[in-house]
Amino acid sequence: SAGSMEVLGIPTAPEDSKSTDLSSEPLSRTLLQAKYNRVMSLPGAFLDLLLEAYHQVEVAKNLALASITFFAYDLLITIRPEIRHVWSSKWGYGRIAFHFNRIWSIIVLGVYVPVIFSHDVSISRLVCFVFHVEGFAYQPKYARCHRVITFYGYGVILLIFNTTIVMSLRAWILYDRNPLVLAGLIFCSVGGAVACMVIFQLDINRTTIIANPVPSLITGCLTILPRRVTLVPYLIGLSLDTAIFLATWYRTWVLNRTGVRLPIIQCLLRDGLFYYVINCASLLVSIFLGIDEKINNIALGSGYIIALHSTLCNRILLSLRVFNDEMKSSVSASGIGTITGSTTLHDMEWRPAGDGDYRSMNVRTDMVLQDCERQDPPLELTELQRP
């Protein structure tokens, strides 16, 4: 109507002139539509943001469900060999790492995943006003959302650090427990973990937590994450894993060239390659998702990194335990009286470092089967000393 057009700022013609100036109607309608679009642009943009946030949250929730299902399924199918090969073994770093990886993953997922599906997650109210030139703004003190996100971030870093230490010790075994190799691997692992923690703490302070405008529809916490929080830690982890895998592959290649082709060496290389390929694939996916700030919440908000890393670490540790028990069983069945060593990660006692020739190792004899986990070289290395 004419009144509504005047409110929108569009001039109208007198009533008696409408019959004579019909050519101005298309132009008036065009101006009216343009003005209406400008007026409705703000609610439309807000609605688009809500729909985008809702879509990201739903994708993260579906990926979280898939991750939890994968984690629970692997837990169920490995609980029997875990009881048989891990719970009955002696305590050492291998067993401690296994139990820590299992329990810590359950704790982190148990704390974080329910928040993704929670409605109206509490964050702090308006606590103070800070005067700006543009007007008033507030600085909220984060409550549950901030604490859960911080806990999840540090939980991921600790879990990856534990897995990195496990893979480093496996590479160290191939280098015959050389102290220089151990120092280098520990320095890289600890340095990478500390760097990730520092960067994460700096970025978590720059993370913006947005009050949920429709808590009955959108679940979880709405956050704006810096791009660096999804790129730098994953790049550091990818670099460490690449360095450890290359060290493992190089040592295996050197041993094969010198004629040392043993099952334990092939087992370590096979497990290392399996871990490296799957872990690198997951890290590259996270990096590519983190490049786009609109979808980087999916990379960090689904918990799939926890489920995948936990499964990989447990599978690798369990594989070495099964390998060790199978070797001991084969020795018992064959009736060999000389039991020399173990292939377990936590208590392998190789010969003194510095002797690069595996053929020169001293082998203990007249050992009983029950004491086989406390001997010097791995069992299959004794094959090199037989005439």
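Here full-length UniProt numbering is used: the first residue of the sequence shown is 1, the next is one more, and so on.
Don't be surprised by glycine CBs; every beta carbon is placed ideally from N, CA and C.
The structure presented is a predicted model; accordingly, all values stated were derived computationally and were not measured.
{"Query": "Following the continuous beta strand (DSSP E) through Leu222, name the residue where it begins and the one where it ends.", "Result": "Leu222 to Ile224"}
{"Query": "Which of the three DSSP states, helix, strand or coil, is assigned to Ile210?", "Result": "strand"}
{"Query": "Measuring straight from C-alpha to C-alpha, what distance separates Pro213 and Cys145?", "Result": "15 Å"}
{"Query": "Tell me whether Thr258 sits in a helix, a strand or coil according to DSSP, three-state version.", "Result": "coil"}
{"Query": "Where DSSP assigns a beta bridge to His119, which residues make up the other side?", "Result": "Thr219"}
{"Query": "With H, G and I counted as helix, E and B as strand and the rest as coil, what does DSSP make of Trp87?", "Result": "coil"}
{"Query": "For Thr208, count neighbouring C-beta atoms within 10 Å of its own C-beta (all shown protein chains included) and say buried if the count is 16 or more, exposed if not.", "Result": "exposed"}
{"Query": "What is the rounded straight-line gap between the Cα of Ala195 and the Cα of Pro233?", "Result": "8 Å"}
{"Query": "Measuring only between beta-carbons, confirm whether Ala171 sits less than 7 Å from chain B.", "Result": "No chain B appears in this structure, which consists of one protein chain only."}
{"Query": "Three or more C-beta pairs closer than 8 Å, one from the region 302–316 and one from the region 90–109: is that the case here?", "Result": "yes"}
{"Query": "May I ask you to report which of helix, strand or coil DSSP gives Asp74?", "Result": "helix"}
{"Query": "Near Leu182, which residues of its chain fall below 7 Å by C-beta distance, leaving aside the five closest residues on each side in sequence?", "Result": "Trp172"}
{"Query": "List in chain order: all unbroken beta strand (DSSP E) runs of 3+ residues lying wholly within the region 272–319.", "Result": "none"}
{"Query": "What three-state label does DSSP hand Arg177 in the structure shown?", "Result": "coil"}
{"Query": "Going by CA-CA distance only, name the one from Phe117, Gly184 and Asn324 that's closest to Pro263.", "Result": "Asn324"}
{"Query": "Taking only runs of the alpha helix (DSSP H) that begin and end inside the region 143–207, which ones reach a length of at least 4 residues, in chain order?", "Result": "144–174 and 179–204"}
{"Query": "Thinking just about the alpha-carbon of each residue, which of Arg177, Gly301 and Lys61 is nearest to the one in Phe151?", "Result": "Gly301"}
{"Query": "For residue 389 versus Ala307, is the C-beta spacing smaller than 7 Å?", "Result": "Here the chain has residues from 1 to 387 only, and residue 389 is not among them."}
{"Query": "Pull up the CB-CB distance for Thr164 and Leu318, whole angstroms please, since I reckon it's below 8 Å.", "Result": "Contact doesn't hold; Cβ gap of about 18 Å is too wide."}
{"Query": "Between Phe200, Pro114, Gly191 and Trp249, which has its C-alpha nearest Leu174's C-alpha?", "Result": "Trp249"}
{"Query": "By how many angstroms is the C-alpha of Leu283 removed from the C-alpha of His55?", "Result": "23 Å"}
{"Query": "What's the gap between the Cα of Phe100 and the Cα of Phe161?", "Result": "12 Å"}
{"Query": "When you compare only the Cα positions, how much space is there between Ile218 and His119?", "Result": "7 Å"}
{"Query": "Among the candidates Arg257, Phe274, Gly259 and Leu222, whose CA atom is the shortest distance from the CA of Thr242?", "Result": "Phe274"}
{"Query": "Tell me which residues share the same chain as Ala353 and place their Cβ nearer than 7 Å to its Cβ, disregarding the 5 neighbours each side in the sequence.", "Result": "Any reading at Ala353 must be qualified, since the residue scores a pLDDT of 39, below 50, and its modelled position is unreliable; the value itself is stated next. Asp176, Arg177, Asn178 and Pro179."}
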